[in-house]
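S.K.: 1 is the number of the first residue of the sequence shown in the numbering used here; add one for each residue after it. Cβ coordinates follow ideal geometry from the N, Cα and C atoms, glycine included.
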Amino acid sequence: MSDLLNNSALLSDLANWYAKSARDLPWRELENQHDPYRVLVSEIMLQQTTVATVKVRYKEFLQRFPTTKVLSDASVDDVLAQWEGLGYYRRARNLQAAAREIEEKHGGVFPRDFEKVLSLPGVGRYTAGAICSLAFEQAVPVLDVNVARVLSRIFVVEEDTKSTFAQQRLWELAAQLVEESAENNIAPSICNSALIELGALICTKRIPLCSQCPVQKHCGAFAKNLQHQLPRTPLKKESVSRHDICLFITQTENNHTKVLLHRCGENENANKSGKKSGNWWHGMWQLPRATVAENQSAEDAARLLLQGELGIDGEIKERLKTLRHTVTHHKITLDCFDVQLKRNDDSYQKDNTPKSTFSWHTFEEIETLALPSVMRKLLDNLLATQKDGGLLELMQ
Ligand code: ADE
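#1: Excluding sequence positions up to five away, which residues of its chain have a Cβ less than 8 Å from the Cβ of Ser239?
#2: Over the uninterrupted beta strand (DSSP E) stretch that includes Glu315, give me the two end residues.
#3: Using CA coordinates, which residue listed in Val150, Glu266 and Cys203 is at the minimum distance from Arg90?
#4: Could you check if Asp338 belongs to the surroundings of the ligand ADE, using beta carbon to heavy atom distance under 7 Å?
#5: Run through DSSP, which three-state label would Leu177 get?
#6: Rounded to a whole number of angstroms, what is the C-alpha to C-alpha distance between Thr49 and Leu86?
#7: Return helix, strand or coil for Trp83, following the three-state DSSP convention.
#8: Identify, in the order they occur along the chain, each residue of the same chain with its Cβ nearer than 6 Å to the Cβ of Pro372, setting aside the five sequence neighbours on each side.
#9: Report yes if the CB atom of Ala15 is closer than 8 Å to the CB atom of Ile186, and no otherwise.
#10: Please report how far the alpha carbon of Lys116 lies from the alpha carbon of Leu143, in whole angstroms.
#11: Can you name the residues that DSSP bridges to Cys246?
#12: With a CB to CB cut of under 6 Å and the five nearest residues on each side skipped, what residues in its chain are close to Thr322?
#13: Among all the DSSP beta bridges, which residues are the ones paired with Gln251?
#14: Evaluate Ser297 with the Cβ neighbour count: other Cβ atoms within 10 Å of its Cβ, from every protein chain shown; 16 or more gives buried, anything less gives exposed.
#15: Take every Cβ of the region 214 to 229, pair it with every Cβ of the region 31 to 42, and state whether three or more of those distances are shorter than 8 Å.
#16: Locate the alpha helix (DSSP H) running through Thr362, then write down its first and last residues.
#17: Do Lys317 and Gln286 come within 8 Å of each other at the CB atom, strictly closer than that value?
#18: Note down the Cα distance separating Pro354 from Ser152, rounded to an integer number of angstroms.
#19: Taking 7 Å as the limit between beta carbons, can you name the residues of its chain near Gln47, skipping five residues before and five after?
#20: With distances taken from CA atoms, which of Gly122, Phe358, Asp300 and Glu84 is nearest Leu261?
#21: Just to confirm, does Ile202 get its C-beta within under 7 Å of one of the non-hydrogen atoms of the ligand ADE?
#22: Using a Cβ-Cβ cutoff of less than 6 Å, which residues in the same chain neighbour Gln96 once the five nearest sequence positions on both sides are dropped?
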């Protein structure tokens, strides 16, 4: 079993296993693996998105924004559109803000100093550690939930892994391992990637594959048969239900149908209790949307939004679709209502300045805008129905 003083056998078993078993992932390609910008992009994407998705989206993102200069010169809209479907859009904004800082503050050269890397927007201790170790081969640790799980098992850390005490201990262990690996001629990038890989492939959350584990003989939890009890985590935050409605409002002029969309501001997605809970959709486009209050019907909420908040002279018609989606721990049911305008209302069109948060958009424009995934699904469906309907009308 491992102790804190000498982990060379553990590290060499881990490194040998990694050399044989590591997955072939695009950010590990030899010619690019030491590019700090690429490490930044992959690590930010991997924070809340699965490896399978990131494999594809990472390549696409780098094709569109191959350098910090290109990303820094792009419009925020372009960056958000490229991020579409990955969720947690603040990551895309931060990525661009980091690229701009590198261009403006560091003369276009990615900083190598840990503290400077850490001060980039959206970069926390984990990401800074990943950049400095994977790109620059500095002996600095990484600790995400996967590495924390591996270390809490090998070194039997029994406290809740989110507690300050356990976090301190786990960071210490991760630091000790990467420093020792450097002393044993194992590159920091190999040590840290191998810990990440072990967490992903073998030391998994529910059913760890201990029989295949390259460091089984060094593992304290395995020796004590505690691998299924560790890491200890607090109970999950209970999920909250929420009921939203949105409005499909269209008007047709000279054979061009346009849809009324709303660009989300910074603090709009108030939850049921009225508490603002961040900017899930900041800068993205949606159908006009509201949350149904307690004791209110979905139709009433739709009418209030249409006639009250938007001040549009129209009628709520049928419920076109109901979709369910989840944002953080909110389980949202989204009803979409059709709206019939009493007259073509161009008041939003007149106010179509960059500042206005409501504006009319053609189907073609909608294809290029950044939309939350649930809205993309909804609009794809509604617009396809409209197009088919239109075609049918022409054919009759
Ligand atoms: N998850 C977080 N970082 C990762 C990496 N560099 N490779 C694979 N999975 C990861």
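M.R.: By the coordinates alone:
#1: Taking the first residue of the sequence shown as position 1, residue 239 is located at position 239. Excluding positions up to five away in sequence, the list reads Thr326, His329, His330 and Lys331.
#2: In the sequence shown, residue 315 corresponds to position 315, counting from 1. Run containing Glu315: Gly314 to Val327, per the beta strand (DSSP E) assignment.
#3: Within the sequence shown, residue 90 is the residue found at index 90, counting from 1. If we check each option's Cα against that of Arg90, Glu266 comes out closest.
#4: By 1-based counting over the sequence shown, the position of residue 338 is 338. Because no heavy atom of the ligand ADE lies under 7 Å away, the Cβ of Asp338 does not count as near it: no.
#5: By one-based count along the sequence shown, residue 177 stands at place 177. Three-state result, Leu177: helix.
#6: For this step, residue 49 is matched to residue 49 along the sequence shown. For this step, residue 86 is matched to residue 86 along the sequence shown. Their backbone Cα atoms lie some 7 Å apart in a straight line.
#7: Within the sequence shown, numbered from 1, the residue matching residue 83 stands at position 83. In this structure, Trp83 counts as helix in the three-state DSSP scheme.
#8: Residue numbering aside, residue 372 sits at position 372 when the sequence shown is read from its first letter. Result list for Pro372: Trp281 and Met284, in chain order.
#9: On the sequence shown, position 15 is the one that residue 15 refers to. On the sequence shown, position 186 is the one that residue 186 refers to. Yes. Within cutoff.
#10: Counting from one through the sequence shown, the residue named residue 116 turns up at place 116. Counting from one through the sequence shown, the residue named residue 143 turns up at place 143. Their Cα atoms are separated by approximately 19 Å.
#11: Residue 246 sits at position 246 when you count from the first residue of the sequence shown. Answer is Arg289 and Cys336.
#12: Position 322 of the sequence shown, counted from the first residue, corresponds to residue 322. Once the five neighbours on either side are set aside, the close Cβ partners of Thr322 are Asp335.
#13: The residue labelled residue 251 in the question sits at position 251 within the sequence shown. For Gln251, DSSP records a beta bridge to Lys258.
#14: Numbered from 1 along the sequence shown, position 297 holds the residue referred to as residue 297. Ser297 is classed as exposed because its beta carbon has fewer than 16 other beta carbons within 10 Å across all chains shown.
#15: no
#16: Counted from its first residue, the sequence shown places residue 362 at position 362. Unbroken run through Thr362 is the beta strand (DSSP E), Phe358 to Thr362; no alpha helix (DSSP H).
#17: Numbered from 1 along the sequence shown, position 286 holds the residue referred to as residue 286. Numbered from 1 along the sequence shown, position 317 holds the residue referred to as residue 317. No, the pair does not count as a contact, with Cβ atoms beyond the cut-off.
#18: For the purposes of this step, residue 354 is identified with residue 354 of the sequence shown, where counting begins at 1. For the purposes of this step, residue 152 is identified with residue 152 of the sequence shown, where counting begins at 1. Low confidence applies to Pro354: its pLDDT is 46, below 50, so where it sits in the model is not reliable, and the reading given next is rough at best. Just so you know, the alpha carbons of Pro354 and Ser152 end up roughly 51 Å apart.
#19: Indexing the sequence shown from 1 puts residue 47 at position 47. Arg91, listed in sequence order.
#20: As a working mapping, residue 261 is identified with position 261 in the sequence shown. Nearest option by C-alpha distance: Phe358.
#21: Indexing the sequence shown from 1 puts residue 202 at position 202. Outside the cutoff, so no.
#22: Against the sequence shown, residue 96 aligns to sequence position 96. Hits under 6 Å: Leu71 and Val79.
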